[in-house]
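Peer 1: Just passing along the structure, written as structure tokens.
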Amino acid sequence: SKVPSITLNNGIAMPQLGFGVWQVPDDEAATAVGHALDAGYRSIDTAAIYGNEEGTGKALSASGLPRDELFVTTKLWNSEQGYDSTLRAFDASLAKLGLEYVDLYLIHWPLPARDAYVDTYKALEKIYADGRAKAIGVSNFQPAHLERLLGETSVVPAVNQIELHPQFQQAESRAVHARHGIATEAWSPLGQGRGLLQDPTIARLAAKHGKTPAQVVLRWHVQLGNVVIPKSVTPSRIAENIDVFDFALDDADLATLTGLDTGNRLGPDPATFDMA
Ligand code: NAD
Numbered sequence: 002s003k004v005p006s007i008t009l010n011n012g013i014a015m016p017q018l019g020f021g022v023w024q025v026p027d028d029e030a031a032t033a034v035g036h037a038l039d040a041g042y043r044s045i046d047t048a049a050i051y052g053n054e055e056g057t058g059k060a061l062s063a064s065g066l067p068r069d070e071l072f073v074t075t076k077l078w079n080s081e082q083g084y085d086s087t088l089r090a091f092d093a094s095l096a097k098l099g100l101e102y103v104d105l106y107l108i109h110w111p112l113p114a115r116d117a118y119v120d121t122y123k124a125l126e127k128i129y130a131d132g133r134a135k136a137i138g139v140s141n142f143q144p145a146h147l148e149r150l151l152g153e154t155s156v157v158p159a160v161n162q163i164e165l166h167p168q169f170q171q172a173e174s175r176a177v178h179a180r181h182g183i184a185t186e187a188w189s190p191l192g193q194g195r196g197l198l199q200d201p202t203i204a205r206l207a208a209k210h211g212k213t214p215a216q217v218v219l220r221w222h223v224q225l226g227n228v229v230i231p232k233s234v235t236p237s238r239i240a241e242n243i244d245v246f247d248f249a250l251d252d253a254d255l256a257t258l259t260g261l262d263t264g265n266r267l268g269p270d271p272a273t274f275d276m277a
């Protein structure tokens, strides 16, 4: 495939660009994931709370692609945090996906006020030891949550999936991840398609390179070393979003994009988010 892989801290290869399926209804997920697989995506990012693990699994099996060419991520939802409930929730996710193992299993949110993420992560360590997840990690963990996890558990998370785009660049988290060998995975890499893709600076860089604004933003992530999981249900955009490996931003372009950081968070603040 044309998508390069990064090597996670346990030696597992993860495609640097994958397909996100948040807000894709289960009955549309098989079609959307099918388009993505046709376009060359091999990594799919779903979650129990997205309600589309079954549709995703159908597309994976219908593709006929060998299991070892696919990279499937799912996530533990908040309501299931805790050791035993995590093991049960993982079983349910695997069954819905129709898989024997996932490539990456993540804790979706830290929920620090509930104080359950350490026990929850110990269940992920058990799943990892049993070979039912090739890698384990977290999502939306801030540096303080990561430091606590590193102090109280044994397996360093392979990945932290966080909100990250040119208007919310997360420099501190990225530095902490780099220090601990944790891969940074960017969610809402396109800023959810709002505002960011209409930015005139990005339009200028797109014209300069003969690419689209979405491609410039995804290329910026790739050159930063982020894993990205853009979402679209439109076949032309699905193909557009993976076509970012035939050009390069130069240092001046990268500096220009670094200048777009407004600290504009689109999603919830993980320090306080506590949705069941
Ligand atoms: P995104 O940044 O990928 O933006 C997607 C939206 O941008 C699309 O719905 C569409 O409106 C627009 N778009 C996509 N491609 C385009 C193109 N080529 N040109 C113009 N517009 C385009 O946003 P997202 O879906 O929020 O994030 C991507 C994935 O990240 C999700 O599907 C999910 O897998 C993951 N995610 C994880 C969390 C988490 O808490 N871990 C939270 C949000 C999203």
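So in UniProt numbering, spot 131 of the sequence shown is number 132, and the numbers just go up one at a time.
Beta carbons are placed, not taken as given, at the ideal position from N, Cα and C, and that holds for glycine.
Note that the structure is predicted; figures quoted are calculated from it, not measured.
1. May I have the straight-line CA-CA distance separating residue 271 from residue 45, to the nearest angstrom?
2. Can you find a heavy atom of ligand 1 that lies under 6 Å from the Cβ of residue 97?
3. By DSSP's criteria, residue 162 is part of a beta bridge. Which residues make up the other side?
4. Using CA coordinates, which residue listed in 89, 74, 277 is at the minimum distance from residue 137?
5. At what residue ranges does the segment 166–239 contain a whole run of the beta strand (DSSP E), taking only runs of 3 or more?
6. For residue 37, which residues in the same chain have their Cβ closer than 6 Å to its Cβ, ignoring the five residues on either side in sequence?
7. Buried or exposed: residue 161, going by 16 or more other Cβ atoms within 10 Å of its Cβ?
8. Between the beta-carbon of residue 76 and the beta-carbon of residue 109, is there less than 7 Å?
9. Run the proximity test for residue 278: is its beta-carbon closer than 6 Å to any non-hydrogen atom belonging to ligand 1?
10. In whole angstroms, give me the CA-to-CA distance for residue 262 and residue 232.
11. Using a Cβ-based criterion (distance less than 6 Å to any ligand heavy atom), does residue 54 qualify as near ligand 1?
12. Would you say the beta carbon of residue 191 is closer than 6 Å to some non-hydrogen atom of ligand 1?
13. Measuring straight from C-alpha to C-alpha, what distance separates residue 2 and residue 264?
14. Using 8 Å for Cβ pairs, my map puts residue 187 next to residue 228. What's the rounded Cβ distance?
15. From residue 33 to residue 130, what does the alpha carbon distance come to, in whole angstroms?
16. Could you tell me the distance, in whole angstroms, from the CA atom of residue 16 to the CA atom of residue 56?
17. For residue 186, verify whether its CB is less than 6 Å away from any heavy atom of ligand 1.
18. What I want to know is whether the C-beta of residue 198 ends up closer than 6 Å to one or more non-hydrogen atoms of ligand 1.
19. Exposed or buried, what is residue 182 when buried is set at 16 or more other beta-carbons lying within 10 Å of its beta-carbon?
20. My output table needs one value for residue 264: the three-state DSSP class, helix, strand or coil.
21. In the DSSP assignment, find the beta strand (DSSP E) that holds residue 107 and state where it starts and stops.
22. What is the rounded straight-line gap between the Cα of residue 155 and the Cα of residue 127?
Peer 2: In terms of the structure at hand:
1. Cα atoms of residue 271 and residue 45: separation of roughly 23 Å, rounded to the nearest angstrom.
2. False, no ligand heavy atom lies under 6 Å from that Cβ.
3. Per DSSP, 140, 186.
4. Selection 89, 74, 277 evaluated against residue 137 yields 74 as nearest (Cα-Cα).
5. Listed in chain order, they are 184–188.
6. Closer than 6 Å at the Cβ level, and outside the excluded window around residue 37, lie 20, 239.
7. Buried, since its Cβ has 16 or more Cβ neighbours within 10 Å.
8. Taking 7 Å as the Cβ cut-off, residue 76 and residue 109 qualify as a contacting pair.
9. Any answer about residue 278 is impossible in this case: the structure gives the chain only from 2 up to 277.
10. Distance between the alpha carbons of residue 262 and residue 232: 22 Å.
11. No - ligand 1 has no heavy atom lying nearer than 6 Å to the Cβ of residue 54.
12. Indeed, a heavy atom of ligand 1 lies less than 6 Å from the Cβ.
13. Because residue 2 sits at a pLDDT of 49, beneath the cut-off of 50, its placement in the model cannot be relied upon, and the point is left open.
14. Residue 187 to residue 228, Cβ: 7 Å. Contact.
15. The C-alpha of residue 130 is placed about 32 Å away from the C-alpha of residue 33.
16. Counting only the Cα atoms, residue 56 lies some 21 Å from residue 16.
17. It does not: the Cβ of residue 186 is nowhere closer than 6 Å to a heavy atom of ligand 1.
18. For ligand 1, at least one heavy atom lies less than 6 Å from the Cβ of residue 198.
19. Only exposed fits residue 182, as fewer than 16 other CB atoms lie within 10 angstroms of its CB.
20. If DSSP states are grouped into helix, strand and coil, residue 264 belongs with coil.
21. That run of the beta strand (DSSP E) goes 103–108.
22. About 11 Å.
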